[in-house]
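Numbering (this note's numbering), first residue to last: 754 to 1113. Quick reminder that beta carbons are idealized off the backbone N, C-alpha and C, glycines included. No experiment lies behind these values; they were computed from the predicted model shown. See below for the structure under consideration.
In structure tokens form, the structure reads like this:
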């Protein structure tokens, strides 16, 4: 898989690959393509991907992507990187763990810095344990582990989540950098509002625990999935309010910057409450099959997350912040009755499933 640059479209770098690891033509094509994209769209959001020799070409391109080109690249995904360098914070294994944190690739050496220091924070260098191209400690050469990347669901999930986060955060920064004229660093500070909201969500979830414990005691010590849902109702309302609030206050005018930042806190609180209680509900419902249920949920969420974020920026550019956020808010409104319906009909639905305790 050759490196690709994303800006609501995909471009595949083509060059003659070989065992010599000489990827100079691929590196030049990456740099030229980024320059071309920015010439036609200075606000483009670019993500680079590279597999095997394509990863080496991407690493070599990093030192040449400076200034506006560096700022435009919001994230880099590398797989089976021959220049995988021991000890870098961006190093992860196929599960997002640290088993390949301190290994070197076949093209790494004590004299090679690998990924430049200023690129580490925006890079995810995925090395499958035992891949002889990026992990010469536990593998040798192009082996089965090196060919596993396109088929591994854990690697695909890891990649999808990473891209999802990059595009969401990059789009949010655009609201403040492009529309309000803030600098690159200052425009990232509104994420603190999101963080505050997530922390507030913890208090909502914890406040429900005594009520849930009483429901379990009354049910003879058995889980009561419906008792997980009241916070989700609160989270749903907060999420809807936050989306509309942010959408119609993000564009500068007479509205001060703090107003949309507070809206991001409301969005963060609503989202985190919904997410946590949804996972708890699945675990309580499927009991012994909970791992499979959560995995299916993660797969569906990742499948949607792999495509929808790439449509976000074109949608916001075409419709404007207010209408685009209103569409998202309308979708969230349609989902508001879900926890209420499950509270009313959940037990009856569980009885029809052979994977739940009621259905056994």
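Point to revise | Whole-angstrom C-beta distance between residue 1030 and residue 988, which should lie under 8 Å | key: Right, their Cβ atoms sit about 7 Å apart.
Review point. At which residues does the beta strand (DSSP E) containing residue 1028 begin and terminate?
Key: No beta strand (DSSP E) contains residue 1028, which is instead part of the alpha helix (DSSP H) from 1011-1039.
Practice item. Using the DSSP secondary-structure output, state which residues sit across from residue 697 in a beta bridge. Key: Outside the shown range of the chain, which is 754 to 1113, sits residue 697, and nothing can be said about it.
Check your understanding: Which residues in the same chain have their Cβ closer than 7 Å to the Cβ of residue 814, if we skip the five residues on either side of it in sequence?
Key -> Excluding sequence neighbours, residue 814 sits near 780, 783, 784.
Review point. Can you tell which of 954, 941, 1077, 949 has the C-alpha that lies nearest to the C-alpha of residue 998?
Key: Answer by Cα proximity: 1077.
Exercise for review: Helix, strand or coil for residue 871, going by three-state DSSP, please let me know.
Suggested key: Correct three-state label for residue 871: helix.
Point to revise | C-alpha distance - residue 840 paired with residue 1102, whole-angstrom precision | key: Their backbone Cα atoms lie some 50 Å apart in a straight line.
Exercise for review: Rounded to whole angstroms, what's the CA-CA distance from residue 887 to residue 856? Just pull it up for me.
Suggested key: The alpha-carbon atoms of residue 887 and residue 856 are separated by roughly 8 Å.
Check your understanding: Going along the chain, which unbroken runs of the alpha helix (DSSP H) with 4 or more residues stay wholly within the segment 982-1011?
Key -> DSSP runs (the alpha helix (DSSP H)) wholly in the segment 982-1011: 983-1000.
Point to revise | Per-residue burial, residue 1080 [other beta carbons within 10 Å of its own, 16 or more giving buried] | key: By the Cβ neighbour-count rule, residue 1080 is exposed, with fewer than 16 other Cβ atoms within 10 Å of its own.
**Study point:** Start-to-end residues for the beta strand (DSSP E) that takes in residue 879
**Key:** Here the beta strand (DSSP E) through residue 879 covers 876-879.
Review point. Taking Cβ positions, are residue 867 and residue 831 nearer each other than 8 Å?
Key: For residue 867 and residue 831, no; Cβs fall outside 8 Å.
Exercise for review: Tell me whether residue 938 sits in a helix, a strand or coil according to DSSP, three-state version.
Suggested key: Coil, per DSSP.
**Study point:** Selected residue, minimal CA-CA separation from residue 805, among 794, 1024, 896, 1023
**Key:** Closest in C-alpha terms to residue 805, from the list 794, 1024, 896, 1023, comes 896.
Review point. In this structure, does DSSP put residue 844 in helix, strand or coil?
Key: Strand, per DSSP.
Exercise for review: Sort 1049, 984, 874 by Cα distance to residue 1024 and report the nearest one.
Suggested key: Among 1049, 984, 874, the Cα nearest to that of residue 1024 is on 984.
Review point. Pick from 850, 1039, 812, 1003: whose alpha carbon is nearest that of residue 933?
Key: With distances taken between Cα atoms, residue 933 lies closest to 1003.
Practice item. Note down the Cα distance separating residue 991 from residue 1022, rounded to an integer number of angstroms. Key: Each residue's Cα considered, the two are about 7 Å apart.
**Study point:** Cutoff 8 Å; reference residue 1085; Cβ partners in own chain excluding five residues on either side
**Key:** Taken in chain order, the residues that qualify are 989, 992, 993, 996.
Point to revise | Buried/exposed call for residue 727, threshold 16 Cβ in 10 Å | key: Given that the chain is displayed from residue 754 to residue 1113, the structure contains no residue 727 and the question cannot be resolved.
Exercise for review: Specify, as a first and last residue, the run of the alpha helix (DSSP H) that residue 1080 falls within.
Suggested key: Segment 1074-1088, the alpha helix (DSSP H) holding residue 1080.
Review point. Cβ atoms of residue 789 and residue 822: under 8 Å apart, would you say?
Key: Not a contact, by the Cβ cut-off of 8 Å.
Exercise for review: Report buried or exposed for residue 1020, applying the criterion of at least 16 other Cβ atoms within 10 angstroms of its Cβ.
Suggested key: It is buried - the Cβ of residue 1020 has at least 16 other Cβ atoms within 10 Å.
**Study point:** Residue range of the alpha helix (DSSP H) that includes residue 955
**Key:** In the DSSP assignment, residue 955 falls within the alpha helix (DSSP H) that extends over 944-960.
Check your understanding: According to the Cβ coordinates, are residue 902 and residue 833 closer than 8 Å?
Key -> Pairing residue 902 with residue 833 gives a Cβ-Cβ distance under 8 Å.
Exercise for review: Can you give me the Cβ contacts of residue 978 inside the same chain, cut-off strictly under 7 Å, excluding the 5 residues immediately before and after it?
Suggested key: Take residue 978, set aside five residues on each side of it, and the residues of its chain with a beta-carbon closer than 7 Å to its own are 1034, 1037, 1038, 1099, in chain order.
Practice item. Return the bridge partner residues of residue 894 from the DSSP annotation. Key: Residue pairing from DSSP places residue 894 in a beta bridge opposite 885.
Practice item. Classify residue 857 as helix, strand or coil using the three-state DSSP reduction. Key: Three-state DSSP puts residue 857 in coil, outside helix and strand.
Check your understanding: Taking just the CA atoms, how far does residue 986 sit from residue 1040?
Key -> Taking C-alpha positions only, residue 1040 is separated from residue 986 by approximately 23 Å.
Review point. Residue 836 and residue 860: beta carbons closer than 8 Å?
Key: Pairing residue 836 with residue 860 gives a Cβ-Cβ distance under 8 Å.
Review point. Roughly how far, in whole angstroms, is the beta-carbon of residue 954 from the beta-carbon of residue 1015, given that I think they are within contact range, below 8 Å?
Key: Not really, about 15 Å apart at Cβ, beyond 8 Å.
Check your understanding: How many angstroms separate the CA atom of residue 853 from the CA atom of residue 1047?
Key -> One C-alpha to the other measures close to 27 Å.
Review point. Given that a residue counts as buried once 16 or more other Cβ atoms are within 10 Å of its Cβ, and exposed if not, what is residue 929?
Key: By the 10 Å Cβ count, residue 929 comes out buried.
Point to revise | Candidates 850, 848, 889, of which the one nearest residue 862 by Cα | key: Looking only at 850, 848, 889, the smallest Cα-Cα distance to residue 862 is reached by 889.
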